[in-house]
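In our numbering, the protein residues as written are 252 to 429. Using N, Cα and C, we set each Cβ at its ideal position, and we do this for glycine too. Everything on this sheet refers to the single structure shown next.
As structure tokens, then:
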């Protein structure tokens with residue numbers, strides 16, 4: 252999760268982050284930092300609170316009006332934040348790994364980043380400002396995650412000619428009635 256302070260995390264430290272070993276140029280290659288995309292019908296592609304950064308934020312994912320569990324037991328409601336967007340990306344990573352378990356974590360990260368829906372035909376609001384920018388100016392990928400495109404790309408990387416079917420074929424065999 253990139254954080255919810257509408258800050259550029261390229262210049263402001265955000266924790267946790269992929270740097271380790273006292274920030275001595277050692278980075279985790281399988282780390283994905285997620286910004287929150289918003290509701291285009293209610294104000295924009297980017298969530299106004301989301302942290303951003305061309306170097307540090309990998310992708311954006313839905314993070315507004317996420318129907319989820321609430322504290323207190325047996326309660327649900329709409330939540331927002333990069334902590335709501337991150338599980339969407341984790342779910343996509345799990346989906347990719349379920350179909351293509353031989354892909355490495357680094358390959359899964361690459362698939363997620365390269366398969367985004369690029370937002371290049373319109374400007375987005377830089378979170379916390381009224382400034383219009385390209386999404387590629389505030390994230391590495393310049394897009395919002397796309398599960399369908401990710402599965403297609405993962406199939407290509409894994410060597411399959413096409414993506415696996417969404418539902419497996421039945422393994423049941425017909426038997427003759429007596």
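Using a Cβ-Cβ cut-off of 7 Å (strictly less than) and excluding sequence neighbours within five positions of residue i, which residues of its own chain qualify?
i	result
residue 256	302
residue 408	354, 358, 362
What separation, rounded to the nearest whole angstrom, lies between the Cα atoms of residue i and residue j?
i	j	result
residue 295	residue 376	7 Å
residue 338	residue 304	20 Å
residue 340	residue 390	15 Å
residue 368	residue 396	6 Å
residue 327	residue 398	25 Å
residue 292	residue 380	18 Å
residue 322	residue 411	43 Å
residue 325	residue 285	28 Å
residue 386	residue 290	15 Å
residue 311	residue 253	9 Å
residue 343	residue 329	21 Å
residue 309	residue 365	10 Å
residue 334	residue 262	21 Å
residue 373	residue 282	28 Å
residue 351	residue 331	30 Å
residue 345	residue 280	17 Å
residue 403	residue 347	10 Å
residue 360	residue 384	25 Å
Leaving out the 5 sequence neighbours to the left and right, which residues in its chain are closer than 6 Å to residue i when beta-carbon positions are compared?
i	result
residue 400	366
residue 393	369, 386, 387
residue 371	none
residue 317	330, 335
Excluding sequence positions up to five away, which residues of its chain have a Cβ less than 8 Å from the Cβ of residue i?
i	result
residue 306	261, 391
residue 297	286, 287, 288, 289, 303, 311, 375, 376, 377, 378, 386, 389
On the criterion of 16 or more Cβ atoms from any shown chain inside 10 Å, does residue i qualify as buried, or is it exposed?
i	result
residue 288	buried
residue 259	buried
Does any CB atom of chain D fall closer than 7 Å to the CB of residue i?
i	result
residue 331	As a matter of chain content, chain D is missing from the structure shown, which is built from one protein chain.
* To do: For the stretch 339–416, list the alpha helix (DSSP H) runs that are entirely contained and at least 4 residues long, ordered along the chain.
  => The stretch 339–416 contains these whole alpha helix (DSSP H) runs: 356–365, 398–409.
* Could you give the uninterrupted runs of the beta strand (DSSP E) lying entirely in the stretch 269–326, keeping only those of 3 residues or more? -> Whole beta strand (DSSP E) segments, 3+ residues: 285–288, 310–313, 317–321.
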